[in-house]
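Below is one structure, written out as structure tokens; the observations come after it.
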Amino acid sequence: MKKHSAGFGLIELMVALTLGLIILLGVSQIFVAAKNTYLSQNAAAAMQEDARYVLSKMVQEIRMTGMFSYVVPTPDSTALDFTLASTTPFNYVATTVGTVTTGVMTLLTADVGGNGSAPTWTILTDPTLNTATVTAGAKTTAGLISMPIRRVIYTYDSTNQRLLTTIAGVQSVLISNVSAMSILFGISGGSGAITSYTSTPPATTAGLANVLSVRISLTLSDPNNRVKPQAFSVVAAIRNRLP
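For the sequence shown, our numbering gives the first residue as 0, with consecutive numbering after it.
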């Protein structure tokens with residue numbers, strides 16, 4: 000009489016190991032996919048946050064560009080450079096050498112906020128005498144209205160894919176991984192409405208008066224290639240020039 004067999008045989012053990020490996024592989028793939036999804040979403044969110052910060056900052060400064068145009072201040076001995084600078088409150092120059100593009104945008108804008116370095120100039124107006132003077136740096140005088148003005152320079156470096164800002168002679172990196180940038184100026188044909196966009200602003204003071212808006216376009220990329228490059232764009236209306 001034969002005894003009954005007990006325990007696992009070799010075939011059962013191999014089947015169990017195979018099923019275990021299949022389950023482990025499936026769980027690993029789910030984990031890897033979830034991790035990659037998280038990293039991709041995090042990279043996309045970081046790009047959107049960088050673009051939102053930079054564009055909102057630039058829009059705020061562009062809107063206040065030339066806000067002092069209703070006064071013609073007399074510069075003192077410390078601000079003789081203001082007269083020439085104020086004739087071009089905003090400018091953009093893009094140069095391309097081979098595949099390297101460098102864009103420089105210069106703004107004369109209100110010094111928003113009370114933090115950071117001193118403004119480039121300060122306009123002091125006396126409403127009672129209808130006079131205005133401009134001096135270098137920050138200055139306040141009792142009985143006069145102070146209008147701090149700052150020169151802000153944005154530089155796009157395509158070689159290192161960076162957008163830099165220069166304030167009070169100090170240059171710093173605003174954001175990195177900027178694969179493309181373009182600036183377009185909305186020009187009015189005299190009717191008060193924008194009729195065309197150009198990458199080169201007018202060279203004359205009368206021509207600059209016809210610039211009603213500035214369109215900024217940025218393309219940001221992920222250095223780890225987790226997500227595709229994303230394009231962001233915004234249009235800033237220059238203060239008091241749109242109906």
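Glycine included, each C-beta is placed from N, C-alpha and C at the ideal position.
The structure presented is a predicted model; accordingly, all values stated were derived computationally and were not measured.
Three-way DSSP call (helix, strand, coil) for residue i in this model
| i | result |
| --- | --- |
| Met0 | Any reading at Met0 must be qualified, since the residue scores a pLDDT of 48, below 50, and its modelled position is unreliable; no value is offered. |
| Ala235 | strand |
| Met102 | According to the sequence displayed, residue 102 carries Gly and not Met. DSSP places Gly102 in strand when its eight states are reduced to three. |
| Arg225 | coil |
| Thr204 | helix |
| Ser27 | helix |
| Ser39 | helix |
| Thr199 | coil |
| Thr17 | helix |
Local Cβ density within 10 Å of residue i, reported as buried at 16 or more and exposed below that
| i | result |
| --- | --- |
| Val53 | buried |
| Ala50 | buried |
| Ala109 | buried |
| Phe30 | exposed |
| Leu219 | buried |
| Tyr155 | buried |
| Met63 | buried |
| Pro222 | exposed |
| Met13 | exposed |
| Tyr91 | buried |
| Ile22 | exposed |
| Glu48 | exposed |
| Leu20 | exposed |
| Leu16 | exposed |
| Leu9 | exposed |
| Pro72 | buried |
| Leu143 | buried |
| Asn35 | exposed |
| Ser129 | Looking at the sequence shown, residue 129 is not Ser but Asn. Result: exposed. |
Supposed close pair residue i, residue j - CB separation, criterion 8 angstroms
| i | j | result |
| --- | --- | --- |
| Leu107 | Ala84 | 6 angstroms |
| Thr204 | Thr124 | That belief does not hold up - the Cβ atoms of Thr204 and Thr124 are roughly 21 angstroms apart, past 8 angstroms. |
| Gly102 | Pro88 | Incorrect: roughly 18 angstroms between the Cβ atoms, too far for contact. |
| Leu211 | Ala236 | 7 angstroms |
| Pro118 | Ile148 | 6 angstroms |
| Ile152 | Phe67 | At roughly 18 angstroms, the Cβ-Cβ gap does not stay under 8 angstroms, so Ile152 and Phe67 are not in contact. |
| Phe184 | Thr197 | 6 angstroms |
| Ile182 | Ser195 | That pair is no contact at about 15 angstroms. |
| Ile61 | Ser116 | With 8 angstroms as the limit, Ile61 and Ser116 do not qualify as a contact, their Cβ atoms being about 20 angstroms apart. |
| Arg150 | Thr105 | 7 angstroms |
| Val233 | Val58 | 6 angstroms |
In chain order, which continuous runs of the beta strand (DSSP E) of length 3 or greater are located wholly inside the region 114-192?
120-125, 130-135, 144-156, 161-166, 169-175 and 177-187
Meets three-Cβ-pair contact criterion under 8 angstroms: the region 129-149 and the region 71-81
yes
Could you say if the region 186-195 and the region 214-226 meet the contact criterion of at least three C-beta pairs nearer than 8 angstroms?
no
Three or more C-beta pairs under 8 angstroms: does that hold for the region 224-240 against the region 37-45?
yes
Take every Cβ of the region 173-184, pair it with every Cβ of the region 149-164, and state whether three or more of those distances are shorter than 8 angstroms.
yes
Mind listing, in chain order, the continuous alpha helix (DSSP H) runs of no fewer than 4 residues lying wholly within the region 52-102?
81-85
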